[in-house]
Structures are given as structure tokens and as C-alpha cells.
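These protein sequence lines map, in sequence, to chains S and R. The numbering of the first sequence is the working numbering, which starts it at 386 and goes up by one. The numbering of the second sequence is the working numbering, which starts it at 386 and goes up by one. Glycine included, C-beta positions come from ideal geometry on N, C-alpha and C. Remember, it's a predicted structure, so these values are computed and weren't measured experimentally.
Protein chains: 2
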Amino acid sequence: MHLVAIGGSDAGISTALRARELDPSVDVTVVVADRYPNFSICGIPYYFSREVQPWQSLAHRTHADLEATGMTLRLDTLATGIDVEGRTLSVRDADGVESTIPYDALMVGTGASPSTAGISGLDRLGPDDGVHLLHSMGDTFALERYLDDHRPESAIIVGAGYVGLEMAEALTVRGLTVTQLQRGPEVLSTLDPELGSLVRAELVHHGVDVVTGTRITSVARDDGRLTVTGTRDGGAFSRSADLVLVVVGVRPNTALLTAAGAATGAGGAVVVDDRMSTGLPHVWAAGDGVVTHHRQLGVTYLPLGTTAHKQGRVAGENAIGGDARFAGSLGTQVVKVFDVVAARTGLRDHEAAAAHLSPHSHTAVADDHKRYYPGATPISIRITGDERDGRLLGAQMVGTRGAEIAKRIDTYATALHHGMSVAALSDLDLSYTPPLGSPWDAVQMASQAWERDVRDFAAAH
Amino acid sequence: MHLVAIGGSDAGISTALRARELDPSVDVTVVVADRYPNFSICGIPYYFSREVQPWQSLAHRTHADLEATGMTLRLDTLATGIDVEGRTLSVRDADGVESTIPYDALMVGTGASPSTAGISGLDRLGPDDGVHLLHSMGDTFALERYLDDHRPESAIIVGAGYVGLEMAEALTVRGLTVTQLQRGPEVLSTLDPELGSLVRAELVHHGVDVVTGTRITSVARDDGRLTVTGTRDGGAFSRSADLVLVVVGVRPNTALLTAAGAATGAGGAVVVDDRMSTGLPHVWAAGDGVVTHHRQLGVTYLPLGTTAHKQGRVAGENAIGGDARFAGSLGTQVVKVFDVVAARTGLRDHEAAAAHLSPHSHTAVADDHKRYYPGATPISIRITGDERDGRLLGAQMVGTRGAEIAKRIDTYATALHHGMSVAALSDLDLSYTPPLGSPWDAVQMASQAWERDVRDFAAAH
Numbered sequence: 386m387h388l389v390a391i392g393g394s395d396a397g398i399s400t401a402l403r404a405r406e407l408d409p410s411v412d413v414t415v416v417v418a419d420r421y422p423n424f425s426i427c428g429i430p431y432y433f434s435r436e437v438q439p440w441q442s443l444a445h446r447t448h449a450d451l452e453a454t455g456m457t458l459r460l461d462t463l464a465t466g467i468d469v470e471g472r473t474l475s476v477r478d479a480d481g482v483e484s485t486i487p488y489d490a491l492m493v494g495t496g497a498s499p500s501t502a503g504i505s506g507l508d509r510l511g512p513d514d515g516v517h518l519l520h521s522m523g524d525t526f527a528l529e530r531y532l533d534d535h536r537p538e539s540a541i542i543v544g545a546g547y548v549g550l551e552m553a554e555a556l557t558v559r560g561l562t563v564t565q566l567q568r569g570p571e572v573l574s575t576l577d578p579e580l581g582s583l584v585r586a587e588l589v590h591h592g593v594d595v596v597t598g599t600r601i602t603s604v605a606r607d608d609g610r611l612t613v614t615g616t617r618d619g620g621a622f623s624r625s626a627d628l629v630l631v632v633v634g635v636r637p638n639t640a641l642l643t644a645a646g647a648a649t650g651a652g653g654a655v656v657v658d659d660r661m662s663t664g665l666p667h668v669w670a671a672g673d674g675v676v677t678h679h680r681q682l683g684v685t686y687l688p689l690g691t692t693a694h695k696q697g698r699v700a701g702e703n704a705i706g707g708d709a710r711f712a713g714s715l716g717t718q719v720v721k722v723f724d725v726v727a728a729r730t731g732l733r734d735h736e737a738a739a740a741h742l743s744p745h746s747h748t749a750v751a752d753d754h755k756r757y758y759p760g761a762t763p764i765s766i767r768i769t770g771d772e773r774d775g776r777l778l779g780a781q782m783v784g785t786r787g788a789e790i791a792k793r794i795d796t797y798a799t800a801l802h803h804g805m806s807v808a809a810l811s812d813l814d815l816s817y818t819p820p821l822g823s824p825w826d827a828v829q830m831a832s833q834a835w836e837r838d839v840r841d842f843a844a845a846h
Numbered sequence: 386m387h388l389v390a391i392g393g394s395d396a397g398i399s400t401a402l403r404a405r406e407l408d409p410s411v412d413v414t415v416v417v418a419d420r421y422p423n424f425s426i427c428g429i430p431y432y433f434s435r436e437v438q439p440w441q442s443l444a445h446r447t448h449a450d451l452e453a454t455g456m457t458l459r460l461d462t463l464a465t466g467i468d469v470e471g472r473t474l475s476v477r478d479a480d481g482v483e484s485t486i487p488y489d490a491l492m493v494g495t496g497a498s499p500s501t502a503g504i505s506g507l508d509r510l511g512p513d514d515g516v517h518l519l520h521s522m523g524d525t526f527a528l529e530r531y532l533d534d535h536r537p538e539s540a541i542i543v544g545a546g547y548v549g550l551e552m553a554e555a556l557t558v559r560g561l562t563v564t565q566l567q568r569g570p571e572v573l574s575t576l577d578p579e580l581g582s583l584v585r586a587e588l589v590h591h592g593v594d595v596v597t598g599t600r601i602t603s604v605a606r607d608d609g610r611l612t613v614t615g616t617r618d619g620g621a622f623s624r625s626a627d628l629v630l631v632v633v634g635v636r637p638n639t640a641l642l643t644a645a646g647a648a649t650g651a652g653g654a655v656v657v658d659d660r661m662s663t664g665l666p667h668v669w670a671a672g673d674g675v676v677t678h679h680r681q682l683g684v685t686y687l688p689l690g691t692t693a694h695k696q697g698r699v700a701g702e703n704a705i706g707g708d709a710r711f712a713g714s715l716g717t718q719v720v721k722v723f724d725v726v727a728a729r730t731g732l733r734d735h736e737a738a739a740a741h742l743s744p745h746s747h748t749a750v751a752d753d754h755k756r757y758y759p760g761a762t763p764i765s766i767r768i769t770g771d772e773r774d775g776r777l778l779g780a781q782m783v784g785t786r787g788a789e790i791a792k793r794i795d796t797y798a799t800a801l802h803h804g805m806s807v808a809a810l811s812d813l814d815l816s817y818t819p820p821l822g823s824p825w826d827a828v829q830m831a832s833q834a835w836e837r838d839v840r841d842f843a844a845a846h
């Protein structure tokens, strides 16, 4: 049995590890386009903030660790074609030499590439011009080299999602003056604006110039100075800096699979079932290149590292004859921005409404632990529940680092996994000690506040 | 409708708040034996460590806050008898004046009293002699007065449960030399010894002299010096100090209800059903004085503040005509001892075996967040699962303060609430960002380690 996994990131490595764990007799080859298998792409901003040094630390596992599991790595090797009938993968190495790899099972984890959001100029300007995307270790080295060589004093970050916010922090820590441009009305558009505004306040507090409602259409370079232009409030908008970083999401890399006959669906990603089968015989796929089964929304496209790990693990088990199922995503996410932590799971109001649910959302503020004990901080918690059947639909939280935001969102995620009602959250036997919580945890205080709000709303109508 | 709640602690106040919340037309009277309604008994150790000052801060709500909800408080009033037929409560005030209070519904939350564990001398020696129990604000003031007046330099704490450990920290912080005596083989006997030993190491690191395997049978006072004696390793044991604090658990206060005809059960506590009915007409009970419905063990006795809050809320709803059910405890607990946090939920090996389950336990160590990001610390996680059907039975964790231990145990508690298998924990969509977690959270790494351990164990047998 020879399993070939394409991709050295979360999906590919998870597939390889799972197959080897369950059956050490399986031969596993991982085909990696660059020299950096199993690097933590989510950790890149902390390399730029210099909290993580050297860059080699970003590897989840070293090359030696990976080979010690019994898998074979083929680095600097590009997968160029799949012969589904012949169960053969064509590859090209760094020297341009082409060859083929026979397989019994293939897992394609080619991931995604940075979106350029239709911004003109990105086709002509690149890292050497001070215009950067950020998605791979190659991008990382290019940006670091530019920072070293050119000592830019100012940066424009186009985009204020997770990576954009983390890079705003990192470049600020590095001493650059940062302007953050966001298309929507508030940063971190994955949260409702009333919670996103708390994240913006933290950015502003640390000197980041945040400009929302800004649609950027082009980047140009003139005399060593970079200028982004677009529109804001219906008028023209432009801003200049020494460095431009565009981080506005990703698009799935699907060419290899579609050329082999695979279909694409949500978000242009490759269609897979919950067993991570592409429908092509013996061809599995996982990670940022495939559609996401969402427990509440059905099939969507929501690429996340945690999901890629889970999908890869499922694919690895099934590729060697198992019958695992991806249980589905809830879109659970958390981000630290300076000393603020923001998290979400499940659906927000408009997402639930679009899914024909009857959402009601309410924001409560509850202390992370008993106020009498030093260091208590308020957590803003926005609960979305279905006002018809009382089911929990989603939760968003913003609070201070140290307030256990990340693991509090996990309680909601676990509750959502089981389709709990908002009211039933009060039945959960959660832990309590005054320095770390309350007899009713903040998670439960917010759900009780939601119940009261629905009751009051019903009484008033 | 007149609801009378006896007891100013968690159960009584929760009952009163819930009744008033659901129906503001209900008259609610709370009969409180002392002058300190709604104080956080769990916070007392932080008063002694001087992290919480003044003592008034320990109130969850002030007297005025409580009265603003529309409830009536009768302080310094002891409930002396229940006329079930006549729906009348007899009380005696601080001046010894007896009177009666008619009720439509009665909730009894008389709580528990400190156990003396059969230690002789405790009947003769009291706070003025330097021998203390600790369960009420009265006990708190007595101990504080003794510390102020006598400036003891050394203390013996008999017991190493939650309060014992927190008081060992508090008195150490106050400058006393503390000896902690524990009957079992390891401190914090609610955890398995391999995890309890991590807590002991933290105590020792901070100068606490921990002596385990020690059975104390008497306390004596001679010439101002207190001596505890007992046995250890089959031989005689004694130790002397300026102060002795006995914190070895509690026993339920049941006299009021048993005199009225209520039955007692597990742990000598009053029997109630999951609606918190005593079976006596219109008489409800909740808190440390009643049996605990445990989701895994059935009826047991496991007094905890979180449980008293939940039971009181259920009683308050039912007393005014509702039909709420206490969903049951999982014994979820957490304690901070200096800079270590220890938590548990569900069952341990021997508890599960006694309940005729087939437990298998395995301890894993996983970082709280990605090791490459500064400040990562290891968490020891012991998973107990059923090796027959793979169900999660319980989890124990010890880690560093700041490692989100309290809210990580909540993920296990929520999973247990739903009867999840250990394997299904890997299906949970938990949050991830490198400074606060891992793509597979520590919670999932430990469950995957348990799965591997079971597989290896099965393969070897």
C-alpha cells in the first residue's frame, strides 16, 4: 500500500501522520512544493514581531521528526498531473526533471493562494518593490529581506482579518507606523461591529491608523514610494507608505484536481464528501483547497488550519481503508491583537437569517472572574440564539488576554456541536474558583442575559 | 404568593432571585441566620491572603442590591421549626424573640457545617484558643481576630482539600510557617496522586511543610502551644504550632427538615428529587444540605457552590409553579494553589470501577499553546474513558496559572454532559491561535493519546 499526499502543510502532513499511526506498514510519501514541510503558517506574524526566532522554530515538527514517523518527504517537488486511471502522479523537481510516482491512494492538499481582490498593480509590483502578500515561508523570507534591506518606516496593510490584525501588531512592534485599511465598516468583519470596535480600539491604542470603509483598487510605485488608491465614502481615497502588505483572504488551489476531473463547488473549492473523497477513484482531498462541511450551514468554503488538520486526519484514515467522517466545522476562531482576544463560533445574526433560521442576538458583559479578586476584566459576549426554538446558534467574545477567552469560546463550540439550547447552557457543570471564574461562569451569565432579553422582547411585542 | 427561603448563602439567594426574576409579583422573604447574606464563602481564603479587602467585598451582592430585587431579608433570624400542615415557619431573632412566618412555598437551604472528623479536643478548644474551623463569616472574623491579637508564627492545617490548600497559600502569604497534614497519600485527594503530586510540589516550593498519610485524632493546648497528635505509618505522630485550622469537609445541616418529616439519604443529606422537592407538601430544599443528583453516579452527596446555585435556581422556579429539573452534577471543580491550577470533572478510575464501568486512564502532557510562542507551559491531563464503549468518563488537569486550565476542564465537562466518546473529542471545532492554543488543542491531544494507549494496551493483551 502506497499512499501519496500532496502538500506539506496541515492537510498533507495530517493525512500522512494518521495513516502511519493507524497502520505502520503503509508506505507514505509526501510531495512538498517547497523546502518547508509542516510549518505553522499561523505563526508567521510572531516571526515578524520577533517573538519567535529563528524561523525554523515555526516548524510543527522538524524534517527529522517527520521522517522518524516513517514517512518519505519529497521536497521542492511540484505535482503537475494526476493520472487517475493509471494511479500515477506526475511531478517536477527543482531542477525541472519530470518523473512519476505510482500510488494506491492519493490525497491532494494543495491548499490556497493569497487573493489579490482585483487590486491592479499587484501583477507588476512584487516583494522587491515593497509590495507583499503573505501565505508561505517564501513570502515570509521575502518580506523579512525587504524589512532588513530597506528599513521601511511606514506600512499599509490592506485587510483587517486575522492575519492583517496580527501583522499590524507585528509591524508596530517592529517600529513601523502602520495604516490598516479595511473594506467593511469595522475591523475583523468576522465579528459583529459592536465587538469588532473593541478590537479597533486596541489597535488605535497602540498607534495603528485604522481606516474602515475603504475599497482599494490599485497599488502604484513612484520614486520608491508606494501609493494605494481606491474609494471611501463615495469619494477618492489614497494613502502612501514605504511598504504595502495585502492580506485579503485566499482562493483555493484547484487546478491539479480539476484537470483530473474533479468538480468545484462553494467558493470555487473542490467538492469532497464528508469522507474527504473527491469522487475520483482513490483520490482524496483536504485542506484549504476543498469545500468545508459546516454543521449549521451545510457545504460552504471556510478554510482554517484546525479544519485542515481534521480533514487530513479523516482522509488519512479513509485512504488506507477506514471509514472516518469529518464531523463538520463551526467556524470557531480566535485571534490575539496586542492585549485583546477576540473569538467566535457558529453563526451571527445575518448568517443565521440567510440560513432561514430566526436569530436573536444579545450582548452581555460579564467579568472573567469574581470582581473582588484582583485582576478581574470584563468580557463582552454576544449570543445568537433561535428565538423560535431557543437553540444556541453562535457566540462571539472579546476580552483581555488572560481572561480565558479562547477556551471559553470552546465551551460554546462544544455546546453548539450538540445542538444545545441557550437555556441549557445553565445546566452545564462548569468549573469555579474565585480567581478564575464565577459560580455562573461568564459563558452562562451571557446565556441567561439572552434568555431575559428574549423574554422581555416577547413581553413588549 | 409568599415564598420563604431559609438560608442566605447560594441556595437561598438563588431561589429568591430566580422566583423574583420569573414573577416579580411573588413576595419573597429570605431568612438568614447571621448578618451576612450572599457572601462568597469560596472567597474567604483571599481575604486572609489580603488579596481581597475589606471583607465586605466578599459579598456577591450588597444588602441594598438584594433588596433592590424586591426580596425581603430577615437577618440574624434562626429558623426553628416547620409546620408543614399549617405552612408556617417558626423563627427566633437575635433577641430570642420567637415568631412565625406563614408561607405558600418554603425552600430550605440550611447548608452544611464543618466536619470535625472525630478529632478529640475540638469540643473544648475554640477560636480563642487558636483552634479554628472555617465555614462562615463568623469563623472568618474569629480567625482574623486571632491572627491580629496573637500574631501566631506557625500554623497547622489539618486537611488538604480545596479550602485547606487555599488557606495554606493564604497563611504562607501572611508570613506564617505552615504545616499541612493530609490523611491520604497525596494532597488534593479529589485528583489521582500523580496529578496531586504536582500540587504538592508547588506547596513545597513555597515553603509549606506537607505531611501526608497522617491521621489526626486529637488537638490539645498546653502553655499556649497547640499540639495535634495522631498516627502516621503505623506509629505515633505529633506536631505543634501557634494556630490549628481544621478543614476536613462538611456535614449537611438537616435537623430542621428531618424534624418536619423529611428523609435523609446519601451522605446523611436530605433526600430531594431533581425538581428539588423534599416530598413534604410545598417544601423545597437545595444546597449543601441535600443530596446531589450526579449525571454519572445517580444520587450522591457532593456539596459545591456551583451546584447550590443551580439547585436554588431550579427550586425558585418550581416553588412558584414551574417545572424545572436539576440536570445533575459532574463534580467539576478547579482550585488555584499559588501559581498552579488543578481541575477535574467526571469520574476517576476507582470511582468509575465502583459504578461498574470499565475505566482506563491515561495521562498525557501537552503544551497550553504552540511551543514556539513565548510562555508555553505543559499541562498534565489525565483522561478516564470506558475501554468497552469508548465513552469519556472524566478528566483531571494540572497546569500553570494562565494556561486556561479552568476553561479547558469546561470543554471536558460539556463533552461529558453529552456523553461523548473520547474519540469524538477530536471532532470538536475548538479555537486556535498560536499564543493561546494548538491546531489540536491540548484537550484533544490528551484524548488522542488515550486512544493510542487503549489501542496499544489491546494489542499487547
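Between which residues of its own chain and residue i is the CB-CB distance below 7 Å, once the five residues before and five after are set aside?
i: Pro570(S); result: Pro578, Thr597 and Gly598
i: Ser498(R); result: His520, Val635, Arg636 and Asn638
i: Ala834(R); result: His747 and Ala749
Could you tell me the alpha carbon to alpha carbon distance between residue i and residue j, rounded to whole angstroms?
i: Thr643(S); j: Ser811(R); result: 30 Å
i: Ala388(R); j: Val657(R); result: One detail in the question is off: residue 388(R) reads as Leu in this sequence, not Ala. C-alpha separation (whole angstroms): 18 Å.
i: Thr748(R); j: Gly787(S); result: 26 Å
i: Thr457(R); j: Leu573(R); result: 40 Å
i: Asp478(R); j: Ala645(R); result: 20 Å
i: Thr796(S); j: Gly393(S); result: 31 Å
i: Asp607(R); j: Ser625(R); result: 10 Å
i: Val725(S); j: Arg733(S); result: 21 Å
i: Arg617(S); j: Ala651(S); result: 30 Å
i: Pro824(R); j: Val416(S); result: 22 Å
What do you get for residue i, buried or exposed, if any count of 16 or more other CB atoms within 10 angstroms of its CB means buried?
i: Ser746(S); result: buried
i: Phe842(S); result: exposed
i: Ala739(S); result: exposed
i: Pro819(R); result: buried
i: Gln567(R); result: buried
i: Val516(S); result: buried
i: Gly770(R); result: buried
i: Pro409(S); result: exposed
i: Ser765(R); result: buried
i: Pro759(R); result: exposed
i: Ser399(R); result: buried
i: Ser893(R); result: Chain R is shown from 386 up to 846; residue 893(R) falls before or after that span and cannot be answered.
i: Val482(S); result: exposed
Give every residue of the same chain whose Cβ lies closer than 6 Å to the Cβ of residue i, excluding the five residues on either side of it in the sequence, and list them in chain order.
i: Val548(R); result: Val632
i: Asp826(S); result: Leu815
i: Gly506(R); result: Ser603, Val604 and Ala605
Using a Cβ-Cβ cut-off of 8 Å (strictly less than) and excluding sequence neighbours within five positions of residue i, which residues of its own chain qualify?
i: Val655(S); result: Val493, Pro637, Thr639, Leu642, Thr643, Ala647, Ala648, Thr649, Thr663, Ala670, Gly674, Val675 and Val676
i: Asp489(S); result: Met386, His387, Leu388, Arg472 and His667
i: Asn703(R); result: Arg660, Met661, Ser662, Trp669 and Ala709
Regarding residue i and the ligand MG, is the C-beta to nearest heavy atom distance less than 7 Å?
i: Asn423(R); result: With respect to small molecules bound, the structure shown includes none, and the ligand MG cannot be examined in it.
Please report the Cβ distance between residue i and residue j, rounded to the nearest whole angstrom; I am assuming they are in contact, meaning their Cβ atoms lie under 8 Å.
i: Tyr817(R); j: Thr691(S); result: 5 Å
i: Arg600(R); j: Gly581(R); result: Contact flag wrong, Cβ pair sits at about 18 Å.
Using 8 Å as the Cβ pair cut-off and three pairs as the minimum, do the segment 395-406 of chain S and the segment 716-725 of chain S touch? no
Would you be able to state if there are at least three C-beta pairs under 8 Å between the segment 690-697 of chain S and the segment 513-526 of chain S? no
Whether or not the segment 725-737 of chain R and the segment 775-792 of chain R are in contact is what I'm after, with contact meaning three or more pairs of Cβ atoms, one per stretch, closer than 8 Å; do they touch? The segment 775-792 of chain R is in contact with the segment 725-737 of chain R.
Whether or not the segment 551-565 of chain S and the segment 585-593 of chain S are in contact is what I'm after, with contact meaning three or more pairs of Cβ atoms, one per stretch, closer than 8 Å; do they touch? yes
If you pair each beta-carbon of the segment 798-807 of chain R with each one of the segment 789-803 of chain S, do three or more pairs fall below 8 Å? yes
contact_flag[the segment 419-435 of chain R, the segment 444-452 of chain R] where n(CB pairs < 8 Å) is 3 or more: yes
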